[in-house]
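Trainee: Following this message is one structure expressed as structure tokens.
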Amino acid sequence: MKKIFIASKNKGKIEEIRSYLAGFGIEIFSLLDSHELPEVEETGATFEENAHLKAKAIFDIVKIPVLADDSGLETDSLGGSPGIYSARFSGEGATDERNNLKLLKELENVPDDKRTARFICVLALYDGINSRYFEGTCEGKIAFASAGTNGFGYDPLFIPAGYDQTFGELGSAVKTRISHRAKALRSLKKFLDLEKSM
Numbered sequence: 033m034k035k036i037f038i039a040s041k042n043k044g045k046i047e048e049i050r051s052y053l054a055g056f057g058i059e060i061f062s063l064l065d066s067h068e069l070p071e072v073e074e075t076g077a078t079f080e081e082n083a084h085l086k087a088k089a090i091f092d093i094v095k096i097p098v099l100a101d102d103s104g105l106e107t108d109s110l111g112g113s114p115g116i117y118s119a120r121f122s123g124e125g126a127t128d129e130r131n132n133l134k135l136l137k138e139l140e141n142v143p144d145d146k147r148t149a150r151f152i153c154v155l156a157l158y159d160g161i162n163s164r165y166f167e168g169t170c171e172g173k174i175a176f177a178s179a180g181t182n183g184f185g186y187d188p189l190f191i192p193a194g195y196d197q198t199f200g201e202l203g204s205a206v207k208t209r210i211s212h213r214a215k216a217l218r219s220l221k222k223f224l225d226l227e228k229s230m
């Protein structure tokens, strides 16, 4: 595989993916490189379906392998919400800040031991024929207040299991090692290593 197109405009996601694919000699493009490509509607019922929808829609235009990511935060006390709606949790015009405020409001009276949550990432690598899926999860809990300025999304609220600080406080060195996306990217990397050796 000589080229991969990342079906995302999220700078944080793109940088994480680029860092994991460095050293493979793969030319990487993204939606940030082309303003003419459409934003794909996430109409799937699962992370897998949404990742596949994005990958296939972009492949049909760019005609090179596409890597699409659908990720989200599931909270146990909210029945898995926000889940696949994580990016648009606070409604139209959602921002990270508004999403975080809404989540804190919904968990306002939930005690510490009931604030368990997990980040889930599903990567779909679509080559025009098949989608291969790579999944990662990161268990943890939701803090009572936003903390830290690193990362994006729900990072200032999410305390990974085994830590006392949020991803927003821990920074990229820790997140790159233990996050849901890091785990999915490690699986992708193993697949690419295997493909390279064939």
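Per our numbering, the sequence shown runs over residues 33 to 230.
Using N, Cα and C, we set each Cβ at its ideal position, and we do this for glycine too.
The structure presented is a predicted model; accordingly, all values stated were derived computationally and were not measured.
Within 10 Å of its beta-carbon, does Ala216 have 16 or more other beta-carbons around it, so buried, or fewer, so exposed?
Mentor: Under this definition Ala216 is a buried residue.
Trainee: Taking the straight line between their C-alpha atoms, what separation do you get for Lys43 and Pro97?
Mentor: Near 20 Å, if we compare the C-alpha coordinates of Pro97 and Lys43.
Trainee: Between the stretch 88-104 and the stretch 69-79, do three or more beta carbon pairs fall short of 8 Å?
Mentor: Yes, the stretch 88-104 is in contact with the stretch 69-79.
Trainee: Among Arg120, Leu226, Ile116, which residue has its Cα nearest to the Cα of Arg150?
Mentor: Checked all of Arg120, Leu226, Ile116; the closest Cα to Arg150 is Ile116.
Trainee: Looking at the secondary structure, which residues open and close the alpha helix (DSSP H) in which Thr208 lies?
Mentor: First-last of the alpha helix (DSSP H) with Thr208: 204-210.
Trainee: On a CA-only basis, which of Gly123, Ser109, Asp144 is nearest Lys231? Give me that one, please.
Mentor: Outside the displayed span of the chain (33 to 230) sits residue 231, for which this structure offers no information.
Trainee: Given this structure, state the Cα-to-Cα distance separating Phe176 from Asn182, to the nearest angstrom.
Mentor: If you take the alpha carbons of Phe176 and Asn182, they lie about 17 Å apart.
Trainee: So, helix, strand or coil for Gly172, using DSSP?
Mentor: Strand, per DSSP.
Trainee: In this structure, what does DSSP give as the bridge partners for Ile152?
Mentor: Partner(s): Gly104, Thr169.
Trainee: Does DSSP classify Val72 as helix, strand or coil?
Mentor: Val72 falls in the coil class under three-state DSSP.
Trainee: Give the secondary structure of Val142 by DSSP, where H, G and I count as helix, E and B as strand, and everything else as coil.
Mentor: Val142 falls in the coil class under three-state DSSP.
Trainee: Grab me the residues of Arg50's own chain with a C-beta within less than 7 Å of its C-beta, minus the 5 sequence neighbours each way, in chain order.
Mentor: Closer than 7 Å at the Cβ level, and outside the excluded window around Arg50, lie Ile60.
Trainee: Hey, Cys153 and Thr127: beta-carbon distance below 9 Å or not?
Mentor: Against a cut-off of 9 Å, the Cβ pair of Thr127 and Cys153 comes out as no contact.
Trainee: For Val98, which beta-bridge partners are listed by DSSP?
Mentor: Phe37, Tyr158, per the DSSP bridge assignment.
Trainee: Counting along the chain, where does the alpha helix (DSSP H) carrying Glu47 start and finish?
Mentor: Start and end: 43-53.
Trainee: What does a CB cutoff of less than 7 Å around Leu110 pick up in its chain, not counting 5 residues either side in sequence?
Mentor: Result list for Leu110: Glu138, in chain order.
Trainee: Just the C-alpha distance for Glu167 and Ser211, rounded to the nearest angstrom, thanks.
Mentor: Cα to Cα, Glu167 sits roughly 11 Å from Ser211.
Trainee: Just the Cα atoms here: how many angstroms apart are Lys221 and Pro192?
Mentor: Looking at the two C-alpha atoms, the distance is approximately 23 Å.
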